[in-house]
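What follows is a short report on a single structure.
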Amino acid sequence: MDDTSNAPETTADATGKAKRLVLIDGSGYIFRAYHGLPPLTRKSDGLPVGAVSGFCNMLVKLIKENRGDDAPSHLAVIFDAGSKTFRNDLYDGYKANRPPPPEDLIPQFPLVRDATRAFGLPAIELAGFEADDLICTYAHLAVQQGFEVTVISSDKDLMQLVNDKVTMMDPVKGTPVGREQVIEKFGVPPELVVDAQALIGDSVDNVPGAPGIGVKTAAQLLIEYGDLDSVLARAGEIKQEKRRQTLIDFKDQILMSRELVRLRCDTPVPAEIATFVLKQPEADILAAFLAAMEFNSLARRIGGSLSLESTTALAQIPTAPISRPLYGVKTELGEKQPFDLDAYECVQTIEQLQTWVRRCEQAQVIAVDTETDDLSATHAKLCGISLSTDTNCACYIPLGHLASDGLDFGGGDDLKQIPLDQAIALLKPVLENRNILKVGQNIKYDLSVLKRYGIDVAPYDDTMLMSYVVEGGLHGHGMDELSQLHLGHTPIPFKQVAGSGKTLKSFKFVALKEATQYAAEDADVTLRLWHVLKPRLVRDRLNTVYETLERGMPKALSEMELNGIRVDPQVLRNLSQDFGTRMNAIEQEAHAHLGRPFNLNSPQQLGVVFFDEMKLPGGKRTASGQWATDVKVLEDIAEGKNGTGAGQTLAKLLLDYRQMAKLKGTYTDALVEYADPQTQRIHTSFHLASTTTGRLASNEPNLQNIPIRTGEGRKIRTAFIAKPGCKLISADYSQIELRLLAHIGDIEQLKKAFSDGQDIHAMTASEMFGVPMADMTSEIRRRAKAINFGIIYGISGFGLANQLGIDQGEASRYIKTYFERFPGIKDYMDATKQFLRDNGFVQTLMGRKIHIPEINGKGGAIKAFAERAAINAPIQGTAADIIRRAMMRMQPRLDAAGFTTRMLLQVHDELIFEAPEAEVAAVIPLIQEVMQNAALPAVQISVPLVVEAKAANNWDEAH
DNA sequence: GCAATCACG
DNA sequence: GACGTACGTGATTGCA
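At position 279 of the first sequence (counting the first as 1) the number is 279 in full-length UniProt numbering, and the numbers step up by one without a gap.
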């Protein structure tokens with residue numbers, strides 16, 4: 001590599017100025033910045049930024065030191081791409097001993113690149129290669145082009161580069177490292193460093209080397225024999241027996257070690273050296289970045305001491321523009337540009353795809369969207385993948401399309417596709433590259449689909465969740481709605497390309513031109529949305545909410561959904577049959593009783609029968625004027641409360657029929673259809689952004705409303721089972737919402753009762769009605785329980801009266817008594833309502849905002865509704881936040897402890913697991929620990945969070 | 001596509 | 001004094 005025979009003789013460019021290239025080992029800088037500084041976080045949202053700050057200070061120092069007459073003409077900062085490199089293919093143990101970077105450093109990696117660009121310097125990296133390889137390649141190329149090169153790094157691996165044109169500079173000591181210093185370090189000149197390292201090995205990078213041979217021996221051998229090949233060839237001549245034997249025995253290992261330490265000088269070049277021309281930072285970009293990072297003192301310091309006036313004669317030469325807006329910086333770039341659907345590319349050849357892969361590596365933030373043949377992420381087959389790297393810069397890669405006649409693509413070029421496995425092989429490194437942020441809209445879907453094709457997408461952002469955090473409660477968070485809202489653009493409707501209803505066709509039959517426009521536009525929209533929403537997170541100080549309550553959820557939920565829960569279809573079929581038989585019998589009896597047939601499923605016909613024909617008194621109307629026939633009404637009739645006793649039999653029959661119909665239609669029949677015929681597992685989908693409070697919602701099928709309250713209903717739970725050799729574990733938070741009420745409202749009596757492990761409803765009853773605990777009756781306790789729940793829902797006398805079947809006056813007196821006994825609750829309610837009126841939103845303990853715009857509505861009813869929602873939202877929402885945190889931590893904790901237990905379901909305050917029988921006893925305490933401590937360290941709840949857990953063969957017994 | 005009903009926390 | 005009411009969801013059915 002130090003062969004410079006082809007180099008031009010001159011080392012000066014046309015201006016006569018010396019051409020000098022400075023290459024900075026950026027990754028080394030990051031770690032030094034991180035370890036050299038106390039952990040610093042951004043004030044507004046707690047984003048860790050210590051390393052970024054230290055890095056910026058180093059850049060300032062660097063720029064100061066490299067100005068004036070002896071300034072370099074070119075400069076670049078080189079980073080590790082972080083993913084696996086070709087060295088892992090040579091030796092899978094390479095760097096295997098390296099611990100993963102600290103958790104609070106990870107989010108800073110992309111920020112450091114942003115910092116570099118903000119300072120007007122190129123940030124260069126390349127997947128598959130280490131920074132050292134790129135430095136080596138650039139140094140080599142630069143020398144060929146007549147440059148002198150300075151490498152700023154303290155990495156001894158780079159010493160192999162040193163020659164008369166290439167010098168190293170130690171950034172810590174500030175001293176040059178030339179040939180002499182290399183010899184001092186290794187005992188051999190730079191050209192023998194590789195050979196020496198091959199013998200010495202490196203315990204940090206896990207390079208094996210030759211056992212028992214260190215720096216001294218290696219140098220001695222190499223000096224004696226000339227180079228490593230000679231040492232190995234003539235190993236037999238070595239007098240020391242042990243050393244001789246080592247060199248013979250470990251010859252292959254030594255040669256492999258040499259390949260590991262030898263830097264590549266022939267990597268692809270992400271950017272030409274000409275683009276590294278040193279220029280001054282653009283003041284507004286730098287200022288915007290520093291402001292976003294909240295580095296105020298640094299910004300002041302730079303404004304003064306580091307004058308941003310021209311520092312080099314070459315400052316005016318334009319360089320490549322910053323490829324993307326800076327993190328957290330509001331930008332004019334991009335999002336308002338008109339959409340150009342014809343600019344999208346349909347990627348049909350390997351060469352095209354390789355170009356896009358390189359584009360992604362450069363962009364560092366890309367949008368990804370998958371197109372499939374099914375809405376269910378756990379079953380859908382991939383039709384294609386779209387990518388966007390910049391505004392109006394997007395592509396679609398068709399992978400599973402068929403000609404509209406259903407035949408495979410074979411013929412003309414317009415129907416050509418890259419074979420699926422080849423495309424996956426090229427895309428996987430990008431989608432898994434730690435330094436390329438993948439942005440998705442509802443990315444849980446894409447995680448699940450791609451996981452089934454062997455790709456673990458990471459890291460990722462989700463624009464749907466960003467919107468949910470920033471504007472939850474104000475509107476929906478689907479892509480079309482967000483695009484309309486933030487970009488003023490209506491994306492091509494899905495039904496326009498795939499049809500709807502009877503004309504609906506699978507996406508794989510959509511012609512590639514239309515498919516490309518539709519799919520690539522989605523990726524383009526998603527990336528633009530990211531540019532709008534990411535800064536909003538920072539501006540509205542919601543980044544921590546996003547990072548701690550949302551960011552990890554797509555991965556956790558994707559895993560759960562892919563796991564699925566096993567059911568026994570036979571149990572469900574038997575229940576269906578049982579319910580069906582009984583329904584038929586009831587139907588016959590009801591028809592006979594009335595003397596004519598009618599539709600038992602029709603509330604309207606039922607209302608006519610009871611209130612028009614039989615003329616029962618006390619009929620109530622629903623909102624739309626129909627007769628109400630819900631359970632309450634039917635129960636009243638069945639109990640003869642209308643005083644006439646008429647209709648009792650019919651009402652009882654209908655109550656039974658309704659229950660059977662519900663259980664059969666919604667559960668036993670439907671669930672069998674959802675079970676995978678092979679695995680007998682049901683894969684629900686959890687939605688992350690559909691509730692106002694932060695709760696999840698489950699659909700297709702909804703597994704969060706499986707019956708439990710009646711004996712007949714509970715039978716359905718016995719069909720939910722564990723696979724052979726396993727148990728189901730149900731772990732639920734006991735009374736979490738009441739505990740949170742006690743904490744949030746700061747109610748001493750409630751807090752004490754929970755701390756003492758008392759029966760909270762009995763305690764409430766005792767306090768309210770003055771009944772000693774010893775004399776508590778179940779009826780009094782029942783009333784107190786209803787009041788406790790009513791409080792959580794924003795109680796009203798009417799509602800409580802309804803619930804307890806008492807008159808409104810009495811209910812109102814209960815509430816009054818409650819507020820007198822627990823004045824803290826009244827204070828909480830009043831304060832919450834006032835906060836809502838002032839701000840239009842309320843917040844959970846974790847800082848999640850819940851907008852309730854109805855508070856500004858016209859009617860008193862609407863406002864009253866908004867106030868009740870406001871009272872409930874912080875309680876329900878905090879509980880939701882807590883279980884989210886538990887869920888995001890759970891699988892990593894289980895894995896780390898060596899368990900194979902898997903999380904399957906969440907039901908608001910309960911988590912369901914499938915655990916091998918042998919793990920059950922040990923895993924339950926771990927599950928409880930994770931759940932009970934889930935609020936920490938963000939919030940210390942002043943009441944213990946108790947988690948009850950139980951294992952059994954089915955969900956009924958486990959709960 | 002809406003209203004009514006009812007399953008869950 | 002009137003408003004109408006417990007908070008948050010999803011699936012099914014009938015009916016316009």
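Ideal Cβ placement from N, Cα and C applies to all residues, glycine included. Remember, predicted model here, so these are calculated numbers, not experimental data.
Taking the C-beta atoms as reference points, THR692 is found no nearer than 8 Å to GLY859. Among the bridge pairs identified by DSSP, PHE686 is matched with SER698.
PRO701 places its beta carbon less than 8 Å from that of ILE682. Restricting attention to VAL571, PRO554, LEU671 and ARG813, the CA atom closest to the CA of ALA689 is found in PRO554.
Counting along the chain, the unbroken alpha helix (DSSP H) around CYS136 starts and ends at 131-144.
DSSP places LYS615 outside both helix and strand once states are collapsed to three, so it counts as coil. Judged by beta-carbon spacing, ALA403 lies beyond the 8 Å limit of ARG434, meaning their Cβ atoms are not closer than that value.
Going by beta carbons, ILE152 and ILE124 fall outside the 8 Å limit. VAL269 and SER698 have their C-alpha atoms spaced approximately 48 Å apart.
Every alpha helix (DSSP H) of 4 residues or more that sits fully in the region 557-630 is shown, in chain order, as 569-594 and 603-607. About 5 Å separates the beta carbon of ALA731 from that of ILE927, a gap short enough to meet the 8 Å contact definition.
Within the same chain, and ignoring the five residues on either side of SER558 in sequence, the residues whose Cβ sits closer than 6 Å to its Cβ are LYS444, LEU447 and SER448. Take ARG717, set aside five residues on each side of it, and the residues of its chain with a beta-carbon closer than 8 Å to its own are ILE706, PRO707, ILE708, ASN954, TRP955, ASP956 and HIS959, in chain order. A straight line joining the alpha-carbon of GLU737 with that of ALA938 spans about 18 Å. Between the region 475-492 and the region 450-457 there are fewer than three inter-stretch CB-CB distances shorter than 8 Å, so the stretches are not counted as touching. Note: LEU911 is bridge-paired with ALA731 and GLN906 in the DSSP secondary-structure output.
VAL545 is positioned such that its CB atom lies no closer than 8 Å to that of VAL430. For GLY847, the secondary structure class from DSSP, reduced to helix, strand or coil, is coil. Per DSSP, the unbroken beta strand (DSSP E) holding LEU21 starts and ends at 20-25. A straight-line Cα-Cα distance of about 31 Å links PRO189 and ALA274.
Between ALA51 and ILE24, the C-beta spacing is not below 8 Å. In this structure, DSSP gives HIS475 an extended state, which the three-state scheme calls strand. DSSP places LYS61 inside the alpha helix (DSSP H), whose first and last residues are 50-65. Cβ contact annotation for GLN604 (same chain, cutoff 7 Å, sequence separation greater than five): GLN626, in chain order.
Here LYS428 really is in contact with GLY454; their C-beta atoms are around 7 Å apart, less than 8 Å. In this structure, DSSP gives THR267 a state outside helix and strand, which the three-state scheme calls coil. Around the beta carbon of LYS43, a 10 Å sphere encloses fewer than 16 other beta carbons of the protein chains shown; the residue is thus reported as exposed. Here the alpha carbon of PRO677 sits roughly 20 Å from the alpha carbon of LEU905. Secondary structure of HIS489 (DSSP, three-state): coil. Under the criterion of beta carbons closer than 8 Å, ASP881 and ARG848 qualify as touching, at roughly 6 Å. At a Cβ-Cβ threshold of 8 Å, MET168 and VAL193 do not count as neighbours.
Less than 8 Å divides the Cβ of LEU21 from the Cβ of PHE147. Comparing alpha-carbon positions, the option among ASP636, ALA520, GLY790 and ILE424 lying closest to GLN648 turns out to be ASP636. Less than 8 Å separates the beta-carbon of LEU75 from that of LEU121. Ranking LEU474, ILE436 and SER467 by CA distance to the CA of ASP456 puts ILE436 first.
Contact annotation: VAL143 and LYS165 have beta-carbon atoms nearer than 8 Å.
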